[in-house]
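Residue numbers (this note's numbering), protein chains in the order written: chain A, 28 to 149; chain B, 832 to 1454. This report refers to the structure that appears directly beneath it.
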Amino acid sequence: MNKILVIDDEVNIIKAVSMYLEGHHYEVVSVLEGLEGINEAKNFLPDLILLDLILPDMDGFLVCQALKSNITTNDIPVVVMSAKSQECDKVKAKECGAIDYIVKPFKPEMLIETIQKHIKEN
Amino acid sequence: MFNNFSMKKSLKLKIIFAFLLMLLIFTASNVWVIISLNSLSKSIDNIMESNYRSIEAAQNMIIAIERQDSAELAHMFSQSDLTVNAFNENEKIFLTWLARAEDNITEEGESEILSEINSSYADYINHFQKMISLDSQSNSKELNDFYYNEVLPLFDKTKKASRDLLNLNQSSMLAKKDFAHATAKNATISTLFMSSISIILGLVVVTVLSNKIVKPLYDLIDKTKKISEGNYHQKLTVTGDDEIAELAKEYNIMAAKLVYYDETNINNLMEEKNKSEAIVNSISEGIIVTDDQYRVKTINQNARVIFKINSSDYAGRHLLEVIYNQALFELFKGISENPKNYYTPKYGDIEILGENGLEYFRVNVSPIKMNTGEFMGTIALIQDITKLMEVDQMKSSFVSTVSHEFRTPLTSITMSVGLLLEEISGVLSEQQRDLVEVIKEDSERLNKIVEDLLDLSKLESGKMQMDLQKHHIKDIFDYMKKLFKLQLEDIQAEMTVTCPENLSFVNIDINKITWVMSNLIGNALRYINKDGSGLIELSVHEVSGKQIVSVKDNGSGISDSVLPHVFDKFVQGNSHKGGAGLGLTICKEIVKAHGGDIWVESRLNEGTTFFFSLKTLQQGENK
């Protein structure tokens, strides 16, 4: 069973995404803050991280950079999911090491597709 | 008026008078010639009457007396009745001619000569009678002596007197001939003189008269020319009271009135001009007027403030010289180069760095046309829209923020709906599934609205980045055919493509223009009939550096009340056919961002055609 870490400050998102992914047989751990997310990644060692850009304690880009600079987490693919749809954000996310970028609101099928694509590649 | 004229010494009378004068001169001249000829003829008659007859008489008298003398001599040698008869015969002749001569005494001394002839001839006759009485009683010697001593001297005396008469008349005739010559010569000279005088007089009269008529006319022409050149202060000199003087008088009145009208007109015009200037200056918006060569005609107070023009010396100078603002100039240029453009008045927004940061102005430009339709220049109305822009930006950012904030809840709704529909959280009854489908559908719609709003606010704020590349409209058409193939088949509609060969490239953001095309076709699909008669025609053609793309449908059309607002936000041709009514607004913004125009023509129940224009990529322009 593949493991997914969801880092998002919106409780409803976490709830819906977790339930949906669990329904598709993923093991999901979710956190509401960036720092917590970084720590959890090290412990949980997920197969993929879903990362929101706006977090209460720190910027999503920073979280991504931190994950990529840590030896234990730098191999884990990070997919940014954000309400920000501007090109510059997408470019910046890529620069910070994110493997993909999905704009909220996304369709459930699309989420699954993206996750499957990057886990397979790994 | 006519009475007035007839009462005056009119030009007509003058002309008639001149001709009469000429006639008189010629008549006088002719009379003179006739008189001269008459006097000549009289001189000749005079010669004939007074001298010729006397000469004839004298000659015949001489002949008669010589014959008498011969008869006398003959009588001396042989006295016979024959010689006496011959003598008497010639006496009768002599007396007859003498009587004639006496009837025609014309010359001085003639009557004395005649009385001398008379007395000496009477003596001569008496002596002859004496000689006849002698011859019968005396001898020849006595007779001979009587003849030579008594008769012959009388004969000679009479003959001499007769000859005197002849000579007197002959010399008188010669004198009269000379007089006749002199008369003829005088007549010639005087006729020549009279003719010359009449010719000179005639010339003088003609010259004076024609000058009198023509000179004022030349003056009139000259001054009329000046008046037509706008110099109304003209006065003709009035002399006499003929028609020309009358004309000059009326002309002067007219010129004076023209001066008056001109002055009052100028005053009125000045007043109107000042009034208009005051109005133009007090308008709270800026106004700039240029002629067809971009030369500034008017800049009102507000425009001067807006563009910080301090000098008042702007009239007649080029717009760019007065206001160095390329964006403003482009607007004027657009009107000037295409004054017949149907989408006039056009407008554009310009930015100016003011005291409180950037200020925004909307410039409405319209062509100024004469009554004949001739393009005269351009007028621009400049409105300060800084406040509006601020509000608009606030609105845009508000819309953007709100829409953005919608995304997160929409994500959880979408995910939850997915969860429910995939029955991960449990099996749904049919009714429950229907309800969840409704939620899904409307959350998708809500999502679409949010996307459109965000796109629009990006386009409006100019934050949407354009990825301009060299493309061919035909490629977009081909893509459209593929994209809508299934949908068209569904409603059995047809889509045709008209694209000329050798169409130039356009510089466009392919994704944005594709979005516009698919939006327009999507609209068309919504309104065409679904019974197989639906037709959508895509076409493109090139007009003066532009490509006009059109999407034509044979659908229900757009009503006149809605037509002017189709590009406004939240307007839909028919309510509840899906969408938020932002599609066409976005289309417009995208086309505008490409420097093009978008417009629509529609007839209810016949169909709608959307047009948009894109700048053709010029050769050498390779981006």
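A virtual CB, placed ideally from N, CA and C, is assigned to each residue, including glycine. Just so it is clear, the structure is predicted and the values come from calculations on it, not from any experiment.
The beta-carbon distance between residue 1196 of chain B and residue 1163 of chain B, rounded to whole angstroms, is 6 Å. This is short enough to meet the 8 Å contact definition.
In the DSSP assignment, residue 128 of chain A falls outside any alpha helix (DSSP H) and lies within the beta strand (DSSP E) extending over 127-130. Just so you know, the alpha carbons of residue 1218 of chain B and residue 1109 of chain B end up roughly 27 Å apart. With a contact defined as Cβ atoms closer than 8 Å, residue 1137 of chain B and residue 1213 of chain B qualify at about 6 Å.
Counting the other Cβ atoms within 10 Å of the Cβ of residue 1046 of chain B gives fewer than 16, which makes it exposed.
Identification of chain A residues near residue 1253 of chain B by a Cβ-Cβ cut-off of 7 Å yields 50, ordered along the chain. Residue contact with chain B for residue 140 of chain A: absent (no Cβ-Cβ distance below 7 Å to any residue of chain B). For residue 1296 of chain B, the chain A residues whose Cβ falls inside 7 Å of its Cβ are 114, in order along the chain. Residue-level contact by beta carbon fails for residue 1264 of chain B and chain A, as no gap is shorter than 7 Å. No Cβ of chain B is located within less than 7 Å of the beta carbon of residue 53 of chain A. Collapsing the DSSP output to three states places residue 52 of chain A in coil. In the displayed model, residue 1337 of chain B falls within a strand according to three-state DSSP.
By alpha-carbon distance to residue 1432 of chain B, the top candidate from B/1445, B/1393, B/1447 and B/1422 is B/1393.
Taking a C-beta distance under 7 Å as the contact criterion, residue 1438 of chain B and residue 1386 of chain B qualify as a contact pair.
Annotation for residue 31 of chain A: the continuous beta strand (DSSP E) segment containing it runs 30-34. Close CB contacts of residue 878 of chain B within its chain, under the 6 Å cut and outside five residues either way in sequence, are with 1004 and 1007 (chain order). The beta carbon of residue 1293 of chain B does not come within 7 Å of any beta carbon belonging to chain A, so the residue lies off that interface. DSSP links residue 1193 of chain B through a beta bridge to B/1180 and B/1214.
Along the segment 839-924 of chain B, the beta strand (DSSP E) does not occur as any fully enclosed run of 3 or more residues. Looking at A/133, A/139, A/30 and A/34, the one whose alpha-carbon comes closest to that of residue 81 of chain A is A/34. Considering only A/145, A/55, A/134 and A/144, the residue with the shortest C-alpha distance to residue 1245 of chain B is A/134.
One alpha carbon belongs to residue 1033 of chain B, the other to residue 1040 of chain B, and they sit about 10 Å apart. Residues of chain B with a Cβ closer than 8 Å to the Cβ of residue 128 of chain A do not exist, since the nearest Cβ in that chain sits about 14 Å away. Taking C-alpha positions only, residue 1359 of chain B is separated from residue 1326 of chain B by approximately 11 Å. Per DSSP, the continuous alpha helix (DSSP H) segment holding residue 1165 of chain B begins and ends at 1157-1168. Each residue's CA atom was taken as its position, placing residue 1318 of chain B and residue 1384 of chain B some 15 Å apart. Within its own chain, the residues whose Cβ lies closer than 7 Å to the Cβ of residue 940 of chain B, once the five positions on either side in sequence are excluded, are 999, listed in chain order. Membership of residue 1055 of chain B in the alpha helix (DSSP H) is indicated by the continuous run 983-1059.
Annotation for residue 105 of chain A: 76, 78, 91, 94, 124, 125 and 126 place their beta carbon closer than 7 Å to its own, counting only its chain and skipping 5 residues before and after. Rounded to the nearest whole angstrom, the C-alpha separation of residue 1157 of chain B and residue 1151 of chain B is 8 Å. Distance between residue 1010 of chain B and residue 1022 of chain B, taken at the CA atoms: about 18 Å.
DSSP, read as helix, strand or coil, puts residue 143 of chain A in helix. At the C-beta level, residue 997 of chain B and residue 944 of chain B stay beyond 7 Å of one another. Partner residues in the beta bridge of residue 1326 of chain B, as assigned by DSSP, are B/1367. Going by beta carbons, residue 1130 of chain B and residue 1145 of chain B fall inside the 7 Å limit. Contact check for residue 1067 of chain B against residue 1050 of chain B passes: the beta carbons are separated by less than 7 Å.
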